[in-house]
Amino acid sequence: MREQIMGRFVGARVRRVEDRRLLSGRGRYVDDVVVPNMAHAAFVRSPLPHALIRGIDTTRAAAVAGVHAIFTGADIAAITNPLMGMLSLPGLYDPWHWALAVDRVRLVGDPVAIVIATSRAVAEDAAELVDVDYEELEPIATLAHAHDPSRPAIWPKAKGNIVYAASESFGDVDAAFAGADRVISETFRQHRHANQPMETRGTVAEVDADGNLTLHAAHQAAHSLKWAMALCLARRPEWMSVRDMFRQREQTKAIFAGAREFLRGHPKMMQDAQSITPVMLRQIVKDPMRMIHLNRALLGLMATPKEDLPHVVTGDIGGAFGSKNSVLREDIALCAVAQRLGRSIKWIEDRNEHLVLGGQARDEQVAVEAAVMNDGTVRGLRAKLTMDAGAYPAFPFGAPMFCRIIQTMFPGPYRFDAMQFDIEVVSSNKPSYVAYRGPWAVETWVRERLFDVIARELGISRAEIRLRNIIGPEMLPTSMVTGPTLDVRMSARTTLERALEIADFDHWAEHQAAAREQGHRLGLGIATYIEAAPGPPGFMDYVAPGLSALAAEPIHAVLERDGGVTVHTQQVPHGQGHETTLAQVAADELGVPVEAVRVRYGDTNIAPFGIAGTGGSRSAAMAGGAVGVAAHTLREHIVDIAADLLEASPADIVIEDGGIHVAGIPAMSRTFRDIAEEAMRRGVVGNTDRLGRGEAIRIHQDWNGGEGGWAQSTHVCWVDVDLETGQVTIPRYAVVEDCGQMINPAIVEGQIRGGVAQGVGAVFYEKTTYGEDGQPRSGTFMDYLIPTTMEIPEIEIHHVETPSDIAYNYRGVGEGGMIGAPAAITNAVEDALADLGVRITEQHLPPTRILELAGVIPERTDR
């Protein structure tokens, strides 16, 4: 029966069900939230990148009509717990920090106070009147500054401004290099980006008459935000200390009883906590104050009744790209103040704040050596990654986690015998390093640039060097040299061969020469990669032990009492089309129309518990698979009840178009509502011990992703370089993609095109810059350029669907476009300028840089 219903909607270009609501102005974003008696917040922010705070005078600001209250960093520290990172690795110092700066500011825009007023305008005006006495310190604005021992440490307990250092070898690296015919080396630099979704960050902290907190937030992981906020806001009772716990027995017994009841209701959270406990202990040894703060937070959380925990609602989100996956310091201050004042408060970030503070990414330097044979075979690699993490580590996971992902992914779809990878993460007086669409993308850019460099040095084809090193189907299953498994569905070589055919690569040199005679300087670039989508089982354990325990995807599939079907997910869509794709999977399994399935998300009172949220190309593979299994189990319950009602064998029950009947006898039928009523009469509830309001049967499913977890792709980019203006146009762009069975090809293609568009922006337009003084120079869209539809080429997409007998052969595709595009584009530009001896080692290529590389104008020294 399962095979009979699969495929009606999965694989079809179903129109996105959410679009009518969003495009007609009926979306509900965080700035649309208005609650009674709501005040507004603005933050007092540092104009200096690095300074000690000697004093704060709020007198003038407090006198402004309409100002309700002003809280300084010290005030907020007195009523909150600090943020403490969840990642621990040998060689890592992960500093805890307060919501607002208390004694030191560490970047321009660092919040030092929060002003609450009747309107946003009043709050912003008053914030300008707060006087802060700063003692300026030397800034850390460059890698050279970070390595300068004479400059002050941003975090005094760190070893200077290096907060993480590690080195790991895979295979016999020395032997690989000793046996090589030559060693080819280069250093590549990827510039800093600012995540720029259409909607900036924002929050409404709603406090009801009983003091209960509901947090309306533009955030990618509702449960993660809830528990982070609960920890930061939980205050240990005055009587309660570790010593007092053994004295105040009745209170302690009550608290532990409440904790046991809570953990029984959240068994997965307990498992997750056990997996990360060793991680936290390593950090505590490095910084004993962390233990004190953690003790206070945990004891406070234990003393908090379940009904007093924060409630998080995400609503619609206008894009994120990773910038809304971390817990904001501003949110903690906002919620603490709202609870203290007993009133609701709204804060919406403006565009300048988002450009300067809203989270930034990339900013990496990679020095790489390749052990190369004269036939083009690459036997081994040595690489050193240096990453600028900014001032404050993002919570819950900061820059070191992304370094580890980059290390794990560095081999890509290629076979190497050995690899050594060194990591160095430095602090600077810049915003936090956060996830940005394909946060490990530098591995693809560096590796694919390196292959072009090797090909040119050896005098062989850029296509041939890839074909000689890429893992082919005859080698599968296998493992990357760094450990993760590659199963038989790994089709990177297939995508490469198909892309080379599409590009007619064998005749490219002739075409290029002919175009040159016509005055066109053309170039062709190739990039092949695999995308952890979200990677095979256990993939995140290669990043840090225990992280894979956090990755299982929970789903509730529910038959409502009215006969409707609802899917509850912890995913939080922000443009990906989850309301459509998850409904397609459920509809196929259940035999109902897509419009009969409702997808609900973004409310921690309803959504199943999971902290991963939406990100990491995990939604199709994880949520799609979980929905498929849960809906199939729900269908079995429906079939069993229908068979009894119709006095037929379950094997003879047919469900199609939302109706249930006996095979060959359509008149013998029942409705989904009939089944729901019978389930309630029998007390059949599914596989859970309790139902929600209006539910007849609920199926809970935790899904670990099954096998595989890789998407693979090859990008081909054609460019035309004008050496009079430095302008680069892209006359053609093609993508060959294999993401397994496509749930909705239209949505897949939209995700790919969006990613490629961001890749175009990354190479030619977007760059966050700072002066030597640590001052940001790209605080508006006049300075931080975003490509428009006029700059984005037509993008051809060719699909490969590797056959598989796996039931839910879905893999994510959300980040791939952004991963492959910068490599393909920069390789194409270098190809266009190759006769001039140009080697591209920096990713950002605005017109002036093109002219510098070509020798048309002198090189600047202040870039």
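Numbered by the numbering used here, the letters in the sequence shown go through residues 191 to 1053 in order. Built from N, CA and C at the ideal position, the CB exists for glycine as well.
The C-beta distance from Ala-773 to Val-784 rounds to 5 Å, short enough to meet the 8 Å contact threshold.
Using a C-beta cut-off of 8 Å, the region 574-592 makes no contact with the region 386-399, since fewer than three inter-stretch Cβ pairs fall below that distance. In terms of Cβ geometry, Ala-689 and Val-906 form a close pair [threshold 9 Å]. When the alpha-carbon of Leu-780 is set against those of Ile-507, Phe-600 and Asp-847, the nearest one is in Asp-847. Sequence-distant partners of Ile-655 (beyond 5 residues in either direction) whose C-beta falls short of 7 Å from its own C-beta, in its chain, are Gly-566, Phe-641, Ile-644 and Ala-645. Spanning the alpha carbons of Gly-201 and Gly-1007 requires a straight line of approximately 20 Å. In this structure, Lys-416 sits near Thr-794, with a CB-CB distance shorter than 9 Å. In this structure Arg-211 touches Gly-217 by the C-beta definition: roughly 6 Å separates them, less than 8 Å. The three-state secondary structure of Trp-537, taken from DSSP, is strand. Out of Gly-884, Ala-625, Ile-845 and Ala-699, the CA that lies nearest to the CA of Arg-751 is found in Gly-884. Excluding its 5 nearest sequence neighbours in each direction, Val-502 has C-beta neighbours in its own chain below 6 Å: Leu-405, Ala-412, Leu-415, Lys-416 and Thr-794, listed in chain order.
Judged by their CB atoms, Thr-718 and Leu-749 are not nearer to each other than the 9 Å cut-off. About 14 Å separates the beta carbons of Glu-554 and Met-591, which is beyond the 8 Å limit, so they are not a contact pair. DSSP places Gln-891 in the strand class (E or B) of the three-state scheme. The C-beta of His-697 has fewer than 16 other C-beta atoms within 10 Å across all chains shown, which makes the residue exposed. For the 9 Å CB-CB criterion, Val-298 and Leu-238 form a contact. Take the alpha-carbon of Leu-421 and the one of Asn-271: they are about 7 Å apart.
Within the region 281-354, complete alpha helix (DSSP H) segments of at least 4 residues are found at 310-317 and 333-336, given in chain order. Leaving aside the five residues that flank Thr-771 on each side, the residues in its chain whose CB is nearer than 8 Å to its CB run, in chain order, Ser-809, Ala-810, Gly-814, Ile-933, Asn-934 and Ile-937. Counting along the chain, the unbroken alpha helix (DSSP H) around Gln-702 starts and ends at 698-707. The shortest CA-to-CA distance from Met-680 to any of Asp-842, Pro-667 and Ala-742 is the one to Pro-667. Between Glu-826 and the set Thr-804, Val-874 and Pro-798, the nearest pair of CA atoms involves Val-874. The Cβ atoms of Phe-360 and Ala-561 do not sit closer than 9 Å to each other. Here Glu-846 is bridged, per DSSP, to Gly-849. Here Trp-908 carries a strand assignment [DSSP, helix/strand/coil]. If you compare the alpha carbons of Asp-607, Pro-603 and Ala-573 with that of Arg-594, the shortest gap goes to Ala-573. For Val-789, the closest C-alpha among the options Thr-823, His-746, His-822 and Asp-778 is that of His-746. Going by DSSP, Met-599 is part of the alpha helix (DSSP H) stretching over 589-599.
A distance below 8 Å between beta-carbons, with the five flanking residues on each side excluded, links Val-990 to the following residues of its chain, in chain order: Ser-681, Thr-684, Thr-685, Arg-688, Val-926, Glu-927 and Asp-928. In terms of Cβ geometry, Ala-343 and Ser-618 do not form a close pair [threshold 9 Å]. In the structure shown, Val-938 adopts helical secondary structure according to DSSP, grouped into three states. Boundaries of the beta strand (DSSP E) around Gln-380: 372-384.
Every unbroken stretch of the beta strand (DSSP E) spanning 3 or more residues and falling wholly within the region 816-885 is given here in chain order: 843-846, 849-852 and 855-861.
In the same chain as Val-852, and ignoring 5 residues on each side of it, the C-beta atoms closer than 8 Å to its own belong to Leu-836, Ala-838, Asp-842, Ile-843, Val-844, Met-858 and Ser-859, in chain order. In this structure, Ile-522 lies near Ile-266, with their beta-carbon atoms less than 9 Å apart. Comparing alpha-carbon positions, the option among Arg-205, Leu-242 and Met-228 lying closest to Ser-309 turns out to be Met-228.
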